[in-house]
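Engineer: I have a structure I would like to understand better, so I am pasting it below and will then ask my questions one at a time.
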Amino acid sequence: MNITLIGMAGAGKSTIGRALAKRLGYTFIDVDHLIREKTGMPLQTLIDKEGDLAFIRFEEEAILRLEQVDRSVISPGGSVIYSEKAMTHLKTISKIIFLDTAFRSIAKRLPNARKRGIVGLRDRSLKELFEERMVLYQKYADFSIKLNGKENIQEITEKIIELCFEENT
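So the sequence shown is residues 1 to 169, counted in the UniProt record's numbering.
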């Protein structure tokens, strides 16, 4: 089994994902890293040069290549929910956990959001993107964990493990 963490940039997907993978003895897969490796460009440069739709395609392709993965924690970018194909594939190969992080925490963690490689910031504010994406994150999630930015990472990883492995006990 695999576990995929979804949520906004700044929600803690990479930090929590690494801790969760280590705790479970799983591999950690950072989809943003796969995109940077494939394109040879930082995410923001890729978005500036190719546009949002091209970035979403790169993200989708990277996820669709994750076919033979097992015992992995997958951390896609926050825009993954714009690709129904990618989300359908992730749902097929993993349990999807939405890290439902308060907007206040996201805004605090992303003081330079426009340089972070976030799809959609060219024509919308971070708050508008947040509100738009919340519905999609909830749509695709198998489970949601409400975070306010003050949680202990170990407690969050234990909660994810409980949701994914002990749901039938």
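Ideal placement from N, C-alpha and C gives every residue a C-beta, glycine not left out.
Kindly provide the ranges of any alpha helix (DSSP H) runs that are 4 or more residues long and lie completely inside the segment 112-144, ordered along the chain.
Structural biologist: The segment 112-144 contains these whole alpha helix (DSSP H) runs: 126-140.
Engineer: Which value, in whole angstroms, describes the spacing of the CA atoms of Thr92 and Arg23?
Structural biologist: Computed Cα separation, rounded: 23 Å.
Engineer: Start and end of the alpha helix (DSSP H) containing Ile106?
Structural biologist: Run containing Ile106: Phe103 to Arg109, per the alpha helix (DSSP H) assignment.
Engineer: With a threshold of 6 Å on Cβ separation, who are the neighbours of Gly10 within its own chain once the five nearest residues in sequence on each side are excluded?
Structural biologist: Ile106, Arg109 and Leu110.
Engineer: Using three-state DSSP, classify Thr169 as helix, strand or coil.
Structural biologist: For Thr169, the predicted structure reports a pLDDT of 43, less than 50, and the residue's modelled location is therefore unreliable. A value from the coordinates is still provided. Reduced to three states, the DSSP call for Thr169 is coil.
Engineer: Does the beta-carbon of Thr169 have 16 or more other beta-carbons within 10 angstroms, so that it is buried, or is it exposed?
Structural biologist: Annotation note: pLDDT 43 at Thr169 (below 50); position unreliable, coordinate value reported separately. Result: exposed.
Engineer: Would you check if the distance between the CB atom of Leu5 and the CB atom of Ile74 is smaller than 9 Å?
Structural biologist: Yes.
Engineer: Give a yes or no on contact between the segment 32-52 and the segment 131-138, applying the rule of three or more CB pairs nearer than 8 Å.
Structural biologist: Segments in contact, no.
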